[in-house]
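Undergrad:
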Amino acid sequence: MSNYNAPLRDMQFVMNELADLDAVIQLPGNEEVSADLVDAILEEADKFASGVLAPLNWTGDQEGAKWSDGEVATAPGWKDAYKQFTESGWTALPCDPEYGGQGLPKLLATGVMEMWKSANMAFSLCPMLTSGAIEALMLRGTDEQKSMYLPKMVSGEWTGTMNLTEPQAGSDLAAVRTKAEPQGDGTYKIFGQKIFITYGEHDLTDNIIHLVLARLPDAPEGVKGISLFVVPKFLVNADGSLGARNDVHCVSIEHKLGIHASPTAVLAFGDKGGAIGTLVGEPNRGLEYMFIMMNEARFAVGMEGLALSERAYQHALQYAKDRVQGTDAGVRGGPKVNILHHADVRRLLMNMKSKTEAMRALAYVVGAAFDKAHNHADEAVRVQNQAFVDLMIPVVKGWCTENAIDVTSDGVQVHGGMGFIEETGAAQHFRDARITTIYEGTTAIQANDLIGRKIARENGVTIAGVVAQMRAVEAELAAVDGEAFAAIRKALGAGIAAVEEAVAYILATYAKDIKAASVGSVPFLKLLGIVAGGWQMARAALVSRRKLEAGEGEASFYKTKIVTARFYADHVLAQAPGLAYTVVNGAAGALELAEENF
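The letter at position 285 of the sequence shown is residue 285 when you use UniProt numbering, and the numbering goes up by one with no holes.
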């Protein structure tokens with residue numbers, strides 16, 4: 001089994017040099033935050049991730065969660081790890097101090113989140129869903145709901161879930177049938193079934209707070225008729241103590257390809273008279289409110305793509321250093337060498353390394369934009385950053401998770417035949433990654449959101465601003481001597497041109513032929529992710545060049561940054577023009593066949 005150690009040096013570089021930690025620290029509300037505090041928290045999180053969570057990753061996968069008579073037992077070690085997790089205050093890191101949170105920046109929480117997910121993705125899903133539920137209640141809950149639920153959710157004493165999916169209503173939430181019947185006292189009885197509920201039942205806490213989509217009796221059809229309700233596993237008394245067991249029960253958990261230790265529950269509401277819930281916000285606006293949770297969750301799932309890629313890279317790199325096989329190419333009769341000497345293994349590892357660093361850079365920059373969008377003193381700056389976050393959420397979610405499937409697959413490939421053997425552990429990362437492109441909205445859903453709401457609806461205004469920032473970096477590259485920087489500039493320039501070409505096609509096509517535009521939506525999402533990642537890698541190379549010229553820091557680290565950016569340009573950014581071609585020309589072949597000819 002592989003160990004995990006957080007890539008602290010790269011995390012700190014990205015936070016400081018690309019995401020501008022200094023600017024985040026200067027935001028209102030961060031008066032007590034310092035660079036030293038951020039470093040100290042990252043170091044403590046690394047200790048917890050590597051020392052407590054990572055050792056449970058493999059055993060949790062093998063043991064899984066177990067269901068019996070409506071109860072779910074988590075994997076051995078889970079309860080103790082969760083107890084340590086909450087006692088250490090990790091659940092409260094980014095939450096509002098009014099409810100017991102620490103109020104620390106999203107940028108810092110992003111780095112810490114990466115560690116939890118790299119160390120043990122299945123474990124990390126429980127606090128991830130709780131965070132989304134906290135955010136929804138913070139923004140739309142009543143004062144009574146906030147005071148009743150938030151302190152114990154922020155502390156981790158209770159956990160939260162989001163309940164959208166039903167057997168007949170997957171991505172099509174207009175088909176939700178769960179009913180909510182008003183009782184005349186401000187409460188509702190909930191009847192229905194929800195599936196795919198992450199940590200919908202478990203033994204880690206005394207109570208689970210479910211946020212549930214359901215329809216009122218007079219609700220209009222479709223998504224406009226969905227409301228959001230809080231339905232606790234145990235009702236809560238006025239003094240905060242637990243009351244009667246609510247009528248929500250786990251009837252089974254799923255047997256899955258990966259994330260075995262994360263219980264994915266089927267929940268039945270109202271089989272014994274009705275589950276008691278209270279309305280969140282206004283009637284028939286539930287989907288709007290649930291998207292508050294979804295945006296948080298989609299960013300977090302994108303972080304899973306990054307985190308699994310990092311874990312797979314560390315695993316593969318260690319194996320490549322240990323595995324001795326063959327001689328150096330072109331050296332007859334030479335000594336046996338480890339497989340890191342072999343050209344294609346180096347290519348695979350550099351592909352894993354460069355994509356992971358590009359994902360980290362983009363995700364952390366988006367995390368910093370979250371902070372500015374929420375806390376900057378200037379409204380115009382808040383609006384600008386929120387637009388950037390909205391544009392990039394589907395990219396972080398979709399591109400990072402699609403990358404994770406490729407990167408973790410490369411990790412198996414580096415192991416050769418041993419990668420196909422479960423005991424080496426490489427296969428677990430691959431299996432765990434496979435769900436990430438599906439849950440919280442498939443890649444196609446992210447891509448349709450990207451081209452429709454984020455580009456066509458606003459006529460490309462935000463993407464044009466991002467492209468302008470990319471062009472500015474391209475201009476900086478042109479002023480730097482050296483073969484590596486010339487190659488990075490060439491590839492980035494071609495990538496930016498590819499984005500511009502694809503955006504022009506989307507803007508010209510979306511309104512008159514939405515199907516033709518949609519055929520290219522996923523290729524466009526990948527294109528934008530690749531180029532946005534290349535933009536950040538180019539920035540990293542430029543910073544590294546300046547550090548080397550100034551004689552600051554570790555020369556080997558900065559030289560490695562430049563080499564990695566060069567690899568990314570030659571091997572990853574080089575794919576951009578082909579993706580743009582597919583966006584512009586790919587509709588005919590995809591849409592021409594009649595259904596019976598498939």
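Glycine included, every Cβ here is placed at the ideal spot set by N, Cα and C. None of these values were measured; they are calculated from a predicted model.
Considering only the beta carbon of each residue, do P105 and N30 sit closer than 8 Å?
TA: Numbered from 1 along the sequence shown, position 105 holds the residue referred to as residue 105. Numbered from 1 along the sequence shown, position 30 holds the residue referred to as residue 30. It is a contact, given that the beta carbons lie within the stated cut-off.
Undergrad: Would you give the residue range spanned by the alpha helix (DSSP H) that W535 belongs to?
TA: Your numbering for residue 535 matches position 535 in the sequence shown. Start and end: S521 to A550.
Undergrad: Report back the beta-carbon spacing between V473 and V499 to the nearest angstrom; my notes put them in contact at under 8 Å.
TA: Here residue 473 corresponds to residue number 473 of the sequence shown, with the count starting at 1. Here residue 499 corresponds to residue number 499 of the sequence shown, with the count starting at 1. The pair is not a contact, with the Cβ atoms about 13 Å apart (cut-off 8 Å).
Undergrad: Compute the beta-carbon to beta-carbon distance between M293 and L211, rounded to the nearest angstrom, for a pair I have assumed lies under 8 Å.
TA: Along the sequence shown, one-based indexing puts residue 293 at 293. Along the sequence shown, one-based indexing puts residue 211 at 211. Between M293 and L211 a beta carbon distance of about 7 Å is seen, short of the 8 Å cut, so the two are scored as contacting.
Undergrad: Would I209 and G274 qualify as a contact pair, given that the criterion is a beta-carbon distance under 8 Å?
TA: In the sequence shown, residue 209 corresponds to position 209, counting from 1. In the sequence shown, residue 274 corresponds to position 274, counting from 1. Not a contact, by the Cβ cut-off of 8 Å.
Undergrad: Given K224, which residues of its chain have a CB within under 7 Å of its CB, disregarding the five upstream and five downstream residues?
TA: Residue numbering aside, residue 224 sits at position 224 when the sequence shown is read from its first letter. Answer for K224: N284, listed in chain order.
Undergrad: Starting from the Cα of L139, find the closest Cα among T187, G100, S2 and M290 and give me that residue.
TA: In the sequence shown, counting from the first residue as 1, residue 139 sits at position 139. Per the Cα distances, M290.
Undergrad: Do you know offhand how far V38's Cα is from M11's?
TA: Taking the sequence shown and counting its residues from 1, one reaches residue 38 at position 38. Taking the sequence shown and counting its residues from 1, one reaches residue 11 at position 11. Here the C-alpha atom of V38 lies approximately 11 Å from the C-alpha atom of M11.
Undergrad: Check whether the region 364-383 touches the region 16-23, taking contact to mean three or more Cβ pairs, one atom from each stretch, closer than 8 Å.
TA: yes
Undergrad: Tell me which same chain residues have a C-beta within less than 7 Å of the C-beta of P28, skipping the five on either side of it?
TA: Position 28 of the sequence shown, counted from the start, is the residue given in the question as residue 28. Around P28: N375 and A377.
Undergrad: Which residue from E304, G495, G330 and W399 puts its Cα closest to that of I445?
TA: Here residue 445 is taken as the residue at index 445 of the sequence shown, counted from 1. Comparing Cα positions, the closest option is W399.
Undergrad: Does N3 pass the burial test, meaning 16 or more other C-beta atoms within 10 Å, or should it be called exposed?
TA: By 1-based counting over the sequence shown, the position of residue 3 is 3. That one is exposed.
Undergrad: Just tell me which of Y439, A343, A81 and G64 has its CA closest to the CA of T74.
TA: Locating residue 74 in the sequence shown gives position 74, where the first residue counts as 1. The option with the nearest alpha carbon to T74 is G64.
Undergrad: Excluding sequence positions up to five away, which residues of its chain have a Cβ less than 7 Å from the Cβ of N351?
TA: For this step, residue 351 is matched to residue 351 along the sequence shown. The answer, listed in chain order, is D410 and H571.
Undergrad: In three-state DSSP terms, what is E144?
TA: To locate residue 144, count along the sequence shown from 1; it is residue 144. Of the three classes helix, strand and coil, the one that applies to E144 here is helix, per DSSP.
Undergrad: Tell me the residue span of the alpha helix (DSSP H) that contains L18.
TA: Along the sequence shown, read from residue 1 onward, the residue named residue 18 stands at position 18. No alpha helix (DSSP H) contains L18, which DSSP labels as neither H nor E.
Undergrad: Within this structure, are the beta carbons of Y319 and V412 separated by less than 8 Å?
TA: Counted from its first residue, the sequence shown places residue 319 at position 319. Counted from its first residue, the sequence shown places residue 412 at position 412. Cβ atoms of Y319 and V412: not closer than 8 Å.
Undergrad: Where are the beta strand (DSSP E) runs, 3 residues long or more, that stay fully inside the region 264-304, in chain order?
TA: 264-269 and 275-280
Undergrad: Which of helix, strand or coil does DSSP assign to N163?
TA: Taking the sequence shown and counting its residues from 1, the one referred to as residue 163 is at position 163. Correct three-state label for N163: strand.
Undergrad: Between the beta-carbon of residue 608 and the beta-carbon of T198, is there less than 8 Å?
TA: The first residue shown for the chain is 1 and the last is 598, placing residue 608 beyond what the model contains.
Undergrad: Per DSSP, what are the beta-bridge partners of R215 in this structure?
TA: Your numbering for residue 215 matches position 215 in the sequence shown. K179, per the DSSP bridge assignment.
Undergrad: Are the CB atoms of A358 and Y558 nearer to each other than 8 Å?
TA: Numbered from 1 along the sequence shown, position 358 holds the residue referred to as residue 358. Numbered from 1 along the sequence shown, position 558 holds the residue referred to as residue 558. Not in contact: A358 and Y558 (Cβ atoms no closer than 8 Å).
Undergrad: Going by C-alpha to C-alpha distance, which of I41, W90, G51 and W78 sits closest to T59?
TA: The sequence position of residue 59 within the sequence shown is 59, counting from 1. Nearest of I41, W90, G51 and W78 to T59, Cα basis: W78.
Undergrad: Output needed for G243: all residues of its chain with C-beta closer than 7 Å, excluding positions within five of it in sequence on either side, in chain order.
TA: Within the sequence shown, numbered from 1, the residue matching residue 243 stands at position 243. Once the five neighbours on either side are set aside, the close Cβ partners of G243 are F234, L235, V236 and N237.
Undergrad: Just verifying my parser: in three-state terms, what is the DSSP assignment at V395?
TA: Locating residue 395 in the sequence shown gives position 395, counting from the first residue. Note: V395 maps to helix in three-state DSSP.
Undergrad: Looking at the unbroken beta strand (DSSP E) that takes in V324, where does it start and where does it end?
TA: As a position in the sequence shown, residue 324 is number 324, starting the count at 1. Element bounds for V324: V324 to T327.
Undergrad: Going by DSSP in three states, residue 599 sits in which element: helix, strand or coil?
TA: This structure cannot speak to residue 599, because the chain is shown only from 1 to 598.
Undergrad: Take A517 and list the residues in its own chain whose beta-carbon comes closer than 7 Å to its own, dropping the five residues that flank it on each side.
TA: Working through the sequence shown from its first residue, we reach residue 517 at position 517. Around A517: I451, I506, T509 and Y510.
Undergrad: Starting from F598, trace the alpha helix (DSSP H) in both directions and tell me its first and last residue.
TA: Here the question's residue 598 lines up with position 598 in the sequence shown. F598 -> no alpha helix (DSSP H), and no H or E assigned at all.
Undergrad: Taking DSSP as the reference, what is the three-state secondary structure of N448?
TA: The sequence position of residue 448 within the sequence shown is 448, counting from 1. It is helical.
Undergrad: Please report the straight-line C-alpha distance between I455 and G520, rounded to a whole angstrom.
TA: Position 455 of the sequence shown, counted from the first residue, corresponds to residue 455. Position 520 of the sequence shown, counted from the first residue, corresponds to residue 520. Taking the straight line from one Cα to the other gives about 13 Å.
Undergrad: Extract the residue ranges of the alpha helix (DSSP H) inside the region 565-593, only unbroken runs of 4 or more that lie entirely within it.
TA: 576-585 and 587-591
Undergrad: What are the uninterrupted segments assigned as alpha helix (DSSP H) that are 4 or more residues long and contained completely in the region 326-390, given in chain order?
TA: 343-375
Undergrad: Within this structure, are the beta carbons of G425 and H260 separated by less than 8 Å?
TA: Position 425 of the sequence shown, counted from the start, is the residue given in the question as residue 425. Position 260 of the sequence shown, counted from the start, is the residue given in the question as residue 260. It is not a contact, given that the beta carbons lie outside the stated cut-off.
Undergrad: Taking 7 Å as the limit between beta carbons, can you name the residues of its chain near A373, skipping five residues before and five after?
TA: Walking along the sequence shown from the start, residue 373 turns up at place 373. Result list for A373: R382, N385, Q386 and V389, in chain order.
Undergrad: My assumption, with CB atoms under 8 Å, is that R489 sits in contact with A478. Please give the rounded CB distance.
TA: Start at 1 with the first residue of the sequence shown, and residue 489 comes out as number 489. Start at 1 with the first residue of the sequence shown, and residue 478 comes out as number 478. The beta-carbon separation of R489 and A478, rounded to 6 Å, stays under the 8 Å limit for a contact.
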